[in-house]
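Worksheet: one structure, shown below.
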Amino acid sequence: MMKSMTGYGRGECTAKGASITVELNSVNRKQAEVSLSVPSELESIEPDLRDLILASVSRGRVSGRVVLQYTGSSRASAVAVNETQAKAYRRELSKLAKSLEIPDNLSMEGLLRLPGVLENTQPTLDAKAFRAPIKSALGQALEGLLSMREKEGGNLGRDLAKRLAKLRRIVKRVAKLAPDVLKHHRERLIERLKKTNVEVPDMDDDRLLREIVYYTDRTDITEELTRLGSHFVQLEE
53 MMKSMTGYGR GECTAKGASI TVELNSVNRK QAEVSLSVPS ELESIEPDLR DLILASVSRG
113 RVSGRVVLQY TGSSRASAVA VNETQAKAYR RELSKLAKSL EIPDNLSMEG LLRLPGVLEN
173 TQPTLDAKAF RAPIKSALGQ ALEGLLSMRE KEGGNLGRDL AKRLAKLRRI VKRVAKLAPD
233 VLKHHRERLI ERLKKTNVEV PDMDDDRLLR EIVYYTDRTD ITEELTRLGS HFVQLEE
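Heads up: the sequence shown begins at 53 in this note's numbering, then just goes up one per residue.
Following this line, the structure appears as structure tokens:
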């Protein structure tokens, strides 16, 4: 079955309080190429996803993206204040201000901007925990992509079959008319000779025969018709 190289597929699933979406789209390309966009926390499983795609797609450029979105407060941002660090900053900056005899006007906003005062306490994402669900979503996306490629390929195949049938009819007609070309040329040649008041040679005259043979060699399309027939057979296969 003929398959197109363009298509689109989407897969979704949920795991660990997160919604996972995988989208794939493919375009024409002689070789198989894969380009994936995944969250930085999941980069370790990207090679596995790439291998799964290449196992199903042999031609075309496939672009995909994995979107991980947490629902509700399952992974809300968690921030803590490092009080020890903040006090150290305050103490040292006060000493510096006194030593330089400048106002000690450090604000809360300024203090919170200093490195290490605010800390992200959000737990590190476990990429391995998402490997199976992401593969499941990828499988759905691949199924949709391949289905669309087959459907479009079928449409292209039917269109090509119609065009091929039309070409066969044209070639058949040309082959049928080809023998008349020589006869027509001979008649035109004699007619042109008559118009120039040149004595028309007998049909067995060597000069006329040589001219006809020369023209026949130049206009013979037997080889081209045979080659076209071969191309038609290859296209059908």
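The beta carbon of each residue, even a glycine, is placed where N, CA and C say it ideally should be.
No experiment lies behind these values; they were computed from the predicted model shown.
Helix, strand or coil at residue i [DSSP, three-state]
i	result
N134	coil
R210	helix
E75	strand
L88	strand
G197	In the sequence under discussion, the amino acid at residue 197 is Leu, which differs from the Gly named in the question. In the structure shown, L197 sits in a helix (DSSP, three-state: H, G or I).
L280	helix
E153	coil
L170	strand
Outcome for residue i when other beta-carbon atoms lying within 10 angstroms are tallied against a minimum of 16
i	result
A105	Sequence inspection shows Ile at residue 105; the Ala mentioned does not correspond to that position. So I105 ends up on the buried side.
S89	exposed
A189	buried
V74	buried
S92	exposed
G162	exposed
I186	buried
A193	buried
V285	exposed
S159	exposed
The beta strand (DSSP E) enclosing residue i, as first and last residue numbers
i	result
T66	59 to 67
E98	Note, E98: premise wrong, no beta strand (DSSP E); alpha helix (DSSP H) at 98 to 108.
R113	112 to 122
Residue interval of the alpha helix (DSSP H) (run including residue i)
i	result
E43	Lying before the first or after the last residue shown, residue 43 is absent from the chain, which here runs from 53 to 289.
L94	Note, L94: premise wrong, no alpha helix (DSSP H); not H, not E.
**Report entry** Inter-stretch contact (C-beta, 8 angstroms, three-pair minimum) for the stretch 98 to 105 and the stretch 53 to 67
**Finding:** no
Query - Given 8 angstroms, three or more beta-carbon pairs between the stretch 106 to 122 and the stretch 135 to 153 - result: no
Query raised in the report: Do three or more CB pairs link the stretch 219 to 235 to the stretch 274 to 281 at distances below 8 angstroms?
Result: yes
Query - Contact the stretch 54 to 61 vs the stretch 195 to 212: 3+ CB pairs below 8 angstroms - result: yes
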